[in-house]
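Asks:
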Amino acid sequence: MREKLNYLEHPTSFDDPFLLDPISEGRSIDTIRAPWEPNLSDGPTSSRFAVVDYDNDAETIEPPAQWQDERRRFQAQSDLQRDQVSIWALLGRALEMFQHGNALGRVIPWAFEGSRLILVPHAGYDQNAYYDRQSKSLQFYYYENAQGQIEYTCRSIHIVAHEFGHALLDGIRPRLYASPSVESNAFHEFFGDLSALIVCLQDKELRQQSAEASEGEFQNATDFQQLAQRFGQALAGRPYLRSFKNQQTMKSMGGTTSHHDLSEVLSGAIFDILTGMGKKWNGSKNTKSRTPRQVFWNATNTLRRLTLQSLDLLPPVDISFRDYAFAICRWHQQCDPADNNQWISVISQSFKDRGIFDLLDVQSLKHSDRLILENGYGEEGPEAPHEAIERARNFERLMYRPRRLTIRRSIEQIKRSPESAYRLLDDNRQELLIPLNCDFTVIDLYETDKLDESNRPLGKQFVLQYFWSEDVELLGERFGQYQSMQTAMLCGGTLVFDHSGNILSWSAKPGSRPYSDRPLGNMSKADSGSIESPPSEESKRSIDRLWRAAIESGQVRRERFLDDLAIQIAQGEIGSVVGTDFGILGRGIPPLIALSMPDGSIRFERTPHGHFAGRNHGDLDHDTDSLGERPWNLSY
201 MREKLNYLEH PTSFDDPFLL DPISEGRSID TIRAPWEPNL SDGPTSSRFA
251 VVDYDNDAET IEPPAQWQDE RRRFQAQSDL QRDQVSIWAL LGRALEMFQH
301 GNALGRVIPW AFEGSRLILV PHAGYDQNAY YDRQSKSLQF YYYENAQGQI
351 EYTCRSIHIV AHEFGHALLD GIRPRLYASP SVESNAFHEF FGDLSALIVC
401 LQDKELRQQS AEASEGEFQN ATDFQQLAQR FGQALAGRPY LRSFKNQQTM
451 KSMGGTTSHH DLSEVLSGAI FDILTGMGKK WNGSKNTKSR TPRQVFWNAT
501 NTLRRLTLQS LDLLPPVDIS FRDYAFAICR WHQQCDPADN NQWISVISQS
551 FKDRGIFDLL DVQSLKHSDR LILENGYGEE GPEAPHEAIE RARNFERLMY
601 RPRRLTIRRS IEQIKRSPES AYRLLDDNRQ ELLIPLNCDF TVIDLYETDK
651 LDESNRPLGK QFVLQYFWSE DVELLGERFG QYQSMQTAML CGGTLVFDHS
701 GNILSWSAKP GSRPYSDRPL GNMSKADSGS IESPPSEESK RSIDRLWRAA
751 IESGQVRRER FLDDLAIQIA QGEIGSVVGT DFGILGRGIP PLIALSMPDG
801 SIRFERTPHG HFAGRNHGDL DHDTDSLGER PWNLSY
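At position 217 of the sequence shown the residue is numbered 417 (our numbering), and the sequence of numbers has no breaks.
#1: Would you say G392 and H362 are within 7 Å of each other, going by their C-beta atoms?
#2: So, with DSSP's three-state summary, where would you put Q866?
#3: Classify K189: buried if its beta carbon has 16 or more other beta carbons within 10 angstroms, exposed otherwise.
#4: CB G701 to CB I769, shorter than 7 Å?
#5: Which residue or residues does DSSP assign as beta-bridge partners of K709?
#6: Does the contact criterion of 3 or more C-beta pairs under 8 Å hold for the segment 519-538 versus the segment 379-395?
#7: Can you pull the DSSP bridge partners for Y682?
#8: Among residues of its own chain, excluding the 5 on either side of S724, which ones have a beta-carbon nearer than 8 Å to its beta-carbon?
#9: Is it buried or exposed for I751, if we count other Cβ within 10 angstroms and need 16 for buried?
#10: Starting from R803, trace the beta strand (DSSP E) both ways and give me its first and last residue.
#11: Measure from the alpha carbon of Y330 to the alpha carbon of each residue in L795, E587, P791, then state which is nearest.
#12: With F667 and F640 assumed to form a contact (beta carbons below 8 Å), what rounded beta-carbon distance in angstroms separates them?
#13: Along the chain, where does the beta strand (DSSP E) containing H300 start, and where does it finish?
#14: Taking just the CA atoms, how far does H460 sit from V756?
#15: Expressed to the nearest angstrom, what Euclidean distance is found between the alpha-carbon atoms of L690 and Q563?
#16: Looking at S510 and A527, is the spacing between their C-beta atoms short of 7 Å?
#17: Where does Q613 fall in DSSP's three states?
#18: So, for L704: in the same chain, excluding its five sequence neighbours on each side, which residues have a beta-carbon less than 8 Å away from its beta-carbon?
#19: Mind reading off the beta-carbon distance from L317 to R273? Whole number of angstroms is fine, and I expect it under 8 Å.
#20: Any contact between the segment 533-549 and the segment 333-353? By contact I mean 3 or more CB pairs, one from each, below 8 Å.
#21: Below 6 Å CB to CB, which residues in the same chain sit around A276 once its five sequence neighbours on both sides are set aside?
#22: Where does A329 sit, in a helix, a strand or coil, going by DSSP?
#23: Given this structure, state the Cα-to-Cα distance separating R530 from Y600, to the nearest angstrom.
#24: Give the straight-line distance between the Cα atoms of F390 and E737, rounded to the nearest whole angstrom.
#25: If you run the structure through DSSP and keep just helix, strand and coil, what is L240?
#26: Please classify E619 as buried or exposed, where buried requires at least 16 other C-beta atoms within 10 Å of its C-beta.
#27: Do F364 and A294 have their C-beta atoms within less than 7 Å of each other?
#28: In chain order, what residues of the same chain have a beta carbon less than 8 Å from the beta carbon of S241, not counting five sequence neighbours either side?
#29: Among I634, L394, L474, which one has its Cα closest to the Cα of V360?
#30: Just to confirm my understanding: we take L506, look at its own chain, exclude 5 residues before and 5 after, and list those with CB closer than 7 Å. What are they?
#31: Less than 6 Å between the CB of W288 and some heavy atom of the ligand GDP, yes or no?
#32: Considering T231, what are the terminal residues of the beta strand (DSSP E) in which it resides?
#33: Which ranges would you report for the alpha helix (DSSP H) in the segment 341-408 if only whole runs of at least 4 residues count?
#34: Once the 5 residues before and after G476 are set aside, which same chain residues still bring their CB inside 7 Å of it?
#35: Check each candidate in R656, Y715, G711, F595 and name the one with the smallest Cα separation from L636.
#36: Measuring only the C-alpha atoms, how far is G692 from R373?
Set out below in structure tokens:
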């Protein structure tokens, strides 16, 4: 029957402590149903994954697990080969789950050329695991614990799923790597942790056993609260590396440059939402919904839809926690305008408690665009710096909402080619806040098939992403060796259309420059002859106000961009990457690399999980993210 359903069952070698807890005898994930494909081969190798078991320290390649076509399974003859099959099977199933209609509803691309993500289960000796775009790989290391035993990071579901989350997000939003923002990098870490949480919640046996043990209360379900227990013990000296159940807020993390630490704020908010949903299901009048198992399944299914389906609404650059919070809320409002289960109050309060939302953010979820614009931006600009920041926040409250363009095209015309999509954007530069003389690029145009909470089709949607670069000069001694050089801040937006070409959502990260050199007040009247249906005077005033708000938001973005960059330059967090012939990264690696461009400018790009750790290789006594002796290390 499994074969008829195009699945293969494989034994696993995962040994996370929560799977081996003697108190909960029988709790285990001993087999995984992996998708079958017609061209499976040794490795394992499939259409989207290839296991290459190269050990950089030993300079050896472990023989691959053999595919036995007549038995329709991989033959693993050693523990290391069982590791090969385990991570391939887990990630094959995980990718299928992320691409399902209850999640992203589409095939997820990688951020690199090629169709296969390389899996390296025993990459060498180190307390480490990471995703690397340049080598197109996930690399897992092994190390010796305090008891003198060898621990393999590839045998932790949490670690494997976390690193896979980085690869997924990089495929969905590849230009996040070009941002020096600590918060954008923290979002990457959060998404890795979210991936680990969802992969574990999706396992039926583990979820049901945990539901019974916790009596349907997520706050008592420790299996899903703490990530990478053994790795955390070795690396941080505590029984976990990071925890979803925490009290961190944006205020308590104020000023931190540790993206790992900052990510716990958003992770905590998401776990609060999961817990709040569980409590609501527990209090349901429907007795069938109140069993611990059903409570866990209902909350898991809802959380997966909200956290993953909303990703398509996000801008292509510079994602903040607040961006994601708004995207989740707006997506829910779009799918369930009546808010039948009253999730908006649970979601918005969780984000407010963590300092991601403020009171005005919560209130804006019920306000119209016009009311937000009129209340947030009058005819005169703000006078004080803090007012500029507040008005920039107000501009962001306009995002992820339906929008009407002056010049419309059918969805058939838009999706015909990137050039056709470009023409739509170019014709509506004023409404979409794209400066007249900037050259922008269509990044992606794809179609989704998503399902609602009852597994009914939501209807086809089409997502269009675009971006441009705004030149930024690095003036002042705070930029060190890069003083007086020119770099780029990325700007752009995301449009989501329905099958009729109506815009369901628009999000934008504006630049700091006006539409043109013409006075802003006359901007809306310019080039009106090219507009099929000239806008009304009220519409022109709205566009003027929107541009004022966008420019101010762009100026705030620009200042934050420069501040984030200056801090990281001062801390010495910029350098170059050293690797091996096999694509294995060196152990010393900076969080940010500087790339010299042909035109003489400089570009900064994130590296996988880069951070300072004041320790030597193999030294367990260290301070995470401290400057220490200045060696760069990677970190899960």
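All residues carry an ideal CB built from backbone N, CA and C; glycine is no exception.
Replies: Reading off the structure:
#1: Yes, Cβ-Cβ distance for G392 and H362 is below 7 Å.
#2: A query on residue 866 cannot be resolved here, the shown segment of the chain reaching from 201 to 836 and no further.
#3: In the structure displayed, the chain extends from 201 to 836; residue 189 sits before or after that span and is not available.
#4: no
#5: Answer is G692, bridged to K709.
#6: Inter-segment contact for the segment 519-538 and the segment 379-395 is present: three or more beta-carbon pairs are separated by less than 8 Å.
#7: Y682 pairs with nothing; no bridge assigned.
#8: Here S724 scores only 43 on pLDDT, less than 50, and its place in the model should not be relied on; the value that follows carries that caveat. Q630, P735, S739, K740, R741, I743, D744.
#9: buried
#10: 802-806
#11: P791
#12: Confirmed, Cβ separation roughly 7 Å.
#13: No beta strand (DSSP E) contains H300, which DSSP labels as neither H nor E.
#14: 24 Å
#15: 30 Å
#16: If you check the CB distance, A527 and S510 come in under 7 Å.
#17: In this structure, DSSP gives Q613 a helical state, which the three-state scheme calls helix.
#18: Q534, P602, Q661, V696, F697, D698
#19: Contact doesn't hold; Cβ gap of about 22 Å is too wide.
#20: no
#21: A265, R282, V285
#22: strand
#23: 6 Å
#24: 45 Å
#25: coil
#26: Result: exposed.
#27: yes
#28: W267
#29: L394
#30: I528, W531, H532
#31: Summarising the ligand content, the structure contains no ligands, and the ligand GDP is consequently not present.
#32: 231-235
#33: 357-372, 382-402
#34: V546, S550
#35: Y715
#36: 12 Å
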